[in-house]
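Worksheet for the structure shown next.
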Amino acid sequence: MSLRIYNALRKKKEEFSPLNDNQVKMYVCGVTLYDELHLGHARAAVIFDVIYRYLKHQGWQVKYVTNFTDVDDKMIDRAQMLNLSIYQLAERLMGEYSQQMHALGVLPALCYPRATEHLPEIIDLIKRLERKGLAYVSEGDVFFRVKKFPDYGKLSGQTPSELSAGARIEINEKKEDPLDFALWKKSKKGEPTWDSPWGKGRPGWHIECSAMAMKYLGETIDIHGGGQDLVFPHHENEIAQSEGATGKTFARFWIHNGLVTMSQAKMSKSTGNFLTLREALRGYPGEIIRFFLLSAHYRSPLDYNQTSLKEASLALRRVHTFLRKVDDLAKPREDTPVQNEEQINQFDREIDSNFDNFIQALNDDFNTPLAISAIFQLVKKANLFMEKVDLLNLASYNSLIKVRDRIRQMGQMLGLFQVKQQKESPSLESINELHQELAGIFKGKKPGGYFSTQIDQIKSLPPKQVIDLWVDYRNKLRRERNWALADEIRSKLANLGIILEDDKKGTTWRWSMRSRSDQEVADI
RNA sequence: GGCGGCAUAGCCAAGUGGAAAGGCAGAGGACUGCAAAUCCUUUAUUCCCCGGUUCGAGUCCGGGUGCCGCCUCCA
């Protein structure tokens with residue numbers, strides 16, 4: 008089984024292996040630091056994070072670099088509006104970025120180079136292009152001479168003649184040809200500026216990526232990624248600049264993620280059609296958002312609607328419920344007699360073949376929806392197994408542990424199911440509130456035993472123990488067939504976000520996760 | 001006008017030649033004091049339409065239709 012990746016350069020899936028036997032060099036275009044992130048940015052980050060994780064899983068050492076664009080027109084405008092320097096604006100947004108990426112379970116890249124910290128490299132690269140006649144100076148600006156680069160259009164399928172015929176190209180008197188693009192822009196008054204051989208100015212948008220990718224990864228990299236909306240002109244121009252300067256292949260594989268749409272239209276800042284990542288994270292844990300983002304193939308468009316995250320949370324809950332069930336299993340004694348031996352062996356084989364299916368799915372151009380379905384199939388089989396094998400012995404227990412570990416292992420490649428759902432401690436206040444509530448139930452009644460005599464002592468116990476006590480007490484009521492009171496306790500606890508579940512083996516409880524935006528319970 | 005993508009059940013979504021994955025929602029059932037969780041059964045004989053290739057097509061080819069992206073900053 009080998010990894011096949013759809014290479015946008017050739018518009019087909021190709022077998023992937025790194026140029027240098029063990030090391031993969033991957034560069035992904037990051038964000039421009041001018042405004043909040045939205046789900047579209049999150050999708051790109053999560054997709055390339057999965058690719059990064061999977062490449063590492065293949066045993067390769069992966070050098071993964073993603074940049075920040077920290078100087079451009081929109082940033083300059085925005086910074087002026089906020090009365091900040093572009094540097095301050097960048098710092099602020101980078102802080103949010105790392106916080107939100109962390110919430111999504113995105114692993115840190117090797118480094119996050121910034122355009123403004125690589126002026127010497129950028130200037131060198133432009134000089135190189137100038138020497139080759141691929142760049143020319145015009146009134147303080149420097150442009151790339153597209154006509155001198157014969158391969159122009161090889162990524163996007165655009166050809167210079169067709170582009171020239173198009174009506175949407177900006178007419179600029181300074182350019183020799185409308186297709187030429189800026190490598191260096193002469194600065195206007197009040198704009199951030201750097202010295203250069205061509206006078207004061209700032210880098211054009213595309214050149215930073217070429218310069219920084221080459222600096223950190225070399226002149227030929229294995230994978231270059233970014234959103235589908237970057238194919239033209241950004242990536243096309245990167246190829247022109249880089250290959251024009253070096254004469255070498257810039258990137259062997261080009262990977263583009265599909266865009267997130269909302270109401271069937273591209274999610275985009277400029278159109279106002281977007282959901283910010285901040286908003287999404289206010290309503291749902293990062294893992295749910297991540298799961299949603301991986302629920303479509305990375306090259307397909309992904310449509311967000313009102314119920315997307317709700318559905319994702321329900322689906323994810325299924326897996327978490329299973330993992331928690333296994334985590335809660337008590338290890339049987341060594342001498343528990345083995346039963347259902349054939350069933351257990353059969354189950355073990357299924358676990359392995361299921362894992363193979365998962366790997367095959369990811370090997371086929373990172374097919375995450377298919378990979379995820381393998382996890383669901385395994386959960387289903389395991390639930391069924393648990394149901395059928397009623398007496399848990401060491402062998403069946405070990406099988407279930409194996410499934411759980413497999414799921415966590417698969418989850419690791421997707422960045423899911425890593426954290427056990429923490430039973431966060433409620434505040435002292437809410438525990439006191441709980442007591443008030445529950446004590447109210449007993450007004451005029453005699454709960455008896457522990458609760459009537461030791462109510463003050465209970466208050467000093469850790470919350471988990473208090474809840475356990477109430478659960479015990481409720482079970483006493485249930486044994487007495489006092490359903491009304493038992494149900495009232497359950498409902499009071501539910502108000503505090505504590506879900507009780509009774510089954511044959513007893514009662515377990517867990518915290519639910521509430522969606523703060525719409526009060527819908529998204530417990531996982 | 002040019003380049004590219006998509007069209008599969010109520011919804012989301014896999015599937016590039018050989019009996020239509022998975023999830024959500026719905027229906028029925030098992031379990032349960034009731035819930036919850038779990039399990040079982042069930043939901044596409046028309047895979048956008050029309051032609052063609054083939055023993056056989058959602059899958060390949062041709063022609064339509066609809067939607068989307070890029071060609072201007074954009075993950």
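Start counting the first sequence at 8; every next residue gets the next number (the working numbering).
For glycine and all other residues, C-beta sits at the position ideal for the given N, C-alpha and C.
Express the C-alpha separation of residue j and residue i in angstroms, rounding to a whole number.
{"i": "residue 14", "j": "residue 22", "result": "9 Å"}
{"i": "residue 261", "j": "residue 231", "result": "5 Å"}
{"i": "residue 48", "j": "residue 263", "result": "13 Å"}
{"i": "residue 28", "j": "residue 137", "result": "34 Å"}
{"i": "residue 10", "j": "residue 299", "result": "24 Å"}
{"i": "residue 65", "j": "residue 410", "result": "21 Å"}
{"i": "residue 24", "j": "residue 366", "result": "16 Å"}
{"i": "residue 216", "j": "residue 302", "result": "30 Å"}
{"i": "residue 193", "j": "residue 372", "result": "43 Å"}
{"i": "residue 412", "j": "residue 330", "result": "9 Å"}
{"i": "residue 38", "j": "residue 63", "result": "24 Å"}
{"i": "residue 356", "j": "residue 53", "result": "32 Å"}
{"i": "residue 338", "j": "residue 358", "result": "20 Å"}
{"i": "residue 392", "j": "residue 364", "result": "20 Å"}
Which residue or residues does DSSP assign as beta-bridge partners of residue i?
{"i": "residue 486", "result": "Per DSSP, none; premise fails for residue 486."}
{"i": "residue 3", "result": "Past the edges of the chain, shown from 8 to 531, lies residue 3, and the structure says nothing about it."}
{"i": "residue 19", "result": "14"}
{"i": "residue 515", "result": "508"}
{"i": "residue 275", "result": "280"}
{"i": "residue 202", "result": "For residue 202, which the question treats as bridged, DSSP gives no partner whatsoever."}
{"i": "residue 191", "result": "149 and 210"}
{"i": "residue 27", "result": "30"}
Given a threshold of 16 other Cβ atoms within 10 Å of its Cβ, counted over all protein chains shown, does residue i qualify as buried or as exposed?
{"i": "residue 107", "result": "buried"}
{"i": "residue 150", "result": "buried"}
{"i": "residue 219", "result": "buried"}
{"i": "residue 248", "result": "buried"}
{"i": "residue 79", "result": "buried"}
{"i": "residue 513", "result": "exposed"}
{"i": "residue 494", "result": "exposed"}
{"i": "residue 211", "result": "buried"}
{"i": "residue 292", "result": "buried"}
{"i": "residue 297", "result": "buried"}
{"i": "residue 12", "result": "buried"}
Within the continuous alpha helix (DSSP H) that includes residue i, where are the two ends?
{"i": "residue 394", "result": "375 to 395"}
{"i": "residue 326", "result": "315 to 334"}
{"i": "residue 410", "result": "401 to 421"}
{"i": "residue 264", "result": "Where residue 264 is concerned, there is no enclosing alpha helix (DSSP H), although the beta strand (DSSP E) it sits in stretches over 258 to 264."}
{"i": "residue 184", "result": "No alpha helix (DSSP H) holds residue 184; DSSP gives it neither H nor E."}
{"i": "residue 117", "result": "It is not in any alpha helix (DSSP H) - residue 117 carries neither H nor E in the DSSP assignment."}
{"i": "residue 311", "result": "Element bounds for residue 311: not the alpha helix (DSSP H) but the beta strand (DSSP E), 309 to 311."}
{"i": "residue 244", "result": "243 to 253"}
{"i": "residue 159", "result": "From DSSP, residue 159 is part of no alpha helix (DSSP H); its letter is neither H nor E."}
{"i": "residue 79", "result": "That residue, residue 79, is in no alpha helix (DSSP H); it is neither H nor E in DSSP."}
{"i": "residue 64", "result": "46 to 64"}
Between which two residues does the beta strand (DSSP E) harbouring residue i extend?
{"i": "residue 210", "result": "208 to 210"}
{"i": "residue 73", "result": "68 to 76"}
{"i": "residue 36", "result": "30 to 39"}
{"i": "residue 371", "result": "Here residue 371 belongs to no beta strand (DSSP E), and DSSP marks it neither H nor E."}
{"i": "residue 144", "result": "142 to 145"}
{"i": "residue 267", "result": "267 to 269"}
{"i": "residue 508", "result": "505 to 510"}
{"i": "residue 150", "result": "148 to 151"}
{"i": "residue 232", "result": "228 to 234"}
Counting only the same chain and skipping the five closest in sequence on each side, list residues whose C-beta sits under 6 Å from that of residue i.
{"i": "residue 117", "result": "70, 71 and 72"}
{"i": "residue 480", "result": "none"}
{"i": "residue 255", "result": "226 and 227"}
{"i": "residue 32", "result": "70, 224, 228 and 229"}
{"i": "residue 273", "result": "266"}
{"i": "residue 288", "result": "110"}
{"i": "residue 243", "result": "162 and 163"}
{"i": "residue 351", "result": "402, 403 and 406"}
Answer yes or no: the CB of residue i versus the heavy atoms of the ligand MN, is any distance below 7 Å?
{"i": "residue 307", "result": "In terms of ligand content, the structure shown is empty, and the ligand MN therefore cannot be addressed."}
Got a sec? Which residues, its chain only, sit under 7 Å from residue i by beta carbon, not counting five neighbours each side?
{"i": "residue 141", "result": "151, 152, 155, 156 and 251"}
{"i": "residue 368", "result": "374, 377, 378 and 381"}
{"i": "residue 502", "result": "none"}
{"i": "residue 67", "result": "25, 29, 30 and 31"}
{"i": "residue 40", "result": "75, 76, 77, 82, 96, 97, 100 and 101"}
Whose C-beta lies closer than 8 Å to the C-beta of residue i among residues of the same chain, with five residues either side of it excluded?
{"i": "residue 511", "result": "none"}
{"i": "residue 198", "result": "83 and 209"}
{"i": "residue 60", "result": "114, 419, 420, 421 and 422"}
{"i": "residue 341", "result": "401"}
{"i": "residue 236", "result": "266 and 273"}
{"i": "residue 440", "result": "503"}
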